[in-house]
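Visitor: Numbering (my numbering), first residue to last: 189 to 413. Sharing a structure with you now.
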């Protein structure tokens, strides 16, 4: 059964969606604020998320960014905001579709089916990755050594996030450069050497003999737990 996470602080709307979606064969999870949405997404592993932008604690785009740090689950925004800038921000943050309230149930069901077809099987990765030396919270975009948070620059985090999302797999240098710096930096391998050295000093017990942030000579880098 396909599981849908409905995130909205309008409890009457959540109840109506739960009844309608269940009647069409969906299993439904619900959250009424952004923090709960991230927790439920981690534990319930939904196949698709229906998300309102106007949540009481977090803006919906922040929730999208938190999910996208570790999960590729399809996200359909349900919002009364009609300004094109709101739509652009949500889509740029990682939303897959945008439905303006009020909406028809037939339209929503069609968009649900389309999102699920496009996605195939949703990722089931956990948002927090634990190594022997540190932990990475992909949803909160934070690294911890024990209980102490480790400060990373945005570029250091970008590199670490790509490696952690591909843990156990070789990430070519060109892919890292493209995902962190963009398409205009195809050959700046010295950037990677500098920033990987900084990450190892902050995270590895023995930076000269890294256990987690490993170099594959002439090819790229690999993250091992």
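The beta carbon of each residue, even a glycine, is placed where N, CA and C say it ideally should be. No experiment lies behind these values; they were computed from the predicted model shown.
1) Considering only DSSP beta bridges, list what residue 287 is partnered with.
2) Considering only C-alpha positions, which residue in the set 203, 356, 384, 341 is nearest to residue 319?
3) Assess, as a yes-or-no matter, whether the segment 271 to 279 is touched by the segment 228 to 236 under the definition of 3 or more beta carbon pairs within less than 8 Å.
4) Give me the Cβ distance between residue 252 and residue 283, rounded to the nearest whole Å; I'm assuming they're in contact under 8 Å.
5) Helix or strand or just coil, what does DSSP make of residue 320?
6) Roughly how many angstroms separate the alpha carbons of residue 264 and residue 317, rounded to a whole number?
7) Let me check understanding here. Comparing Cα to Cα, which of 297, 290, 247, 293 lies closest to residue 274?
8) Distance check for residue 398 and residue 300, CA to CA, integer angstroms please.
9) Starting from residue 217 and walking both ways along the beta strand (DSSP E), at which residues does that stretch end?
10) Can you round the beta-carbon distance between residue 391 and residue 401 to whole angstroms, since I take them to be within the 8 Å contact cut?
11) What span of residues does the alpha helix (DSSP H) with residue 228 cover, start to end?
12) On a CA-only basis, which of 212, 388, 358 is nearest residue 339? Give me that one, please.
13) Which residue wins for smallest C-alpha separation from residue 370, given the options 334, 343, 324, 354?
14) Here's a check: name, in chain order, each residue in its chain whose Cβ is nearer than 8 Å to the Cβ of residue 367, leaving out the five neighbours to either side.
15) Could you check which residue in 360, 298, 255, 297 has the C-alpha nearest to that of residue 403?
Guide: From the atom records:
1) 266
2) 356
3) no
4) 5 Å
5) coil
6) 26 Å
7) 247
8) 44 Å
9) 215 to 219
10) 7 Å
11) 222 to 232
12) 388
13) 343
14) 346, 350
15) 360
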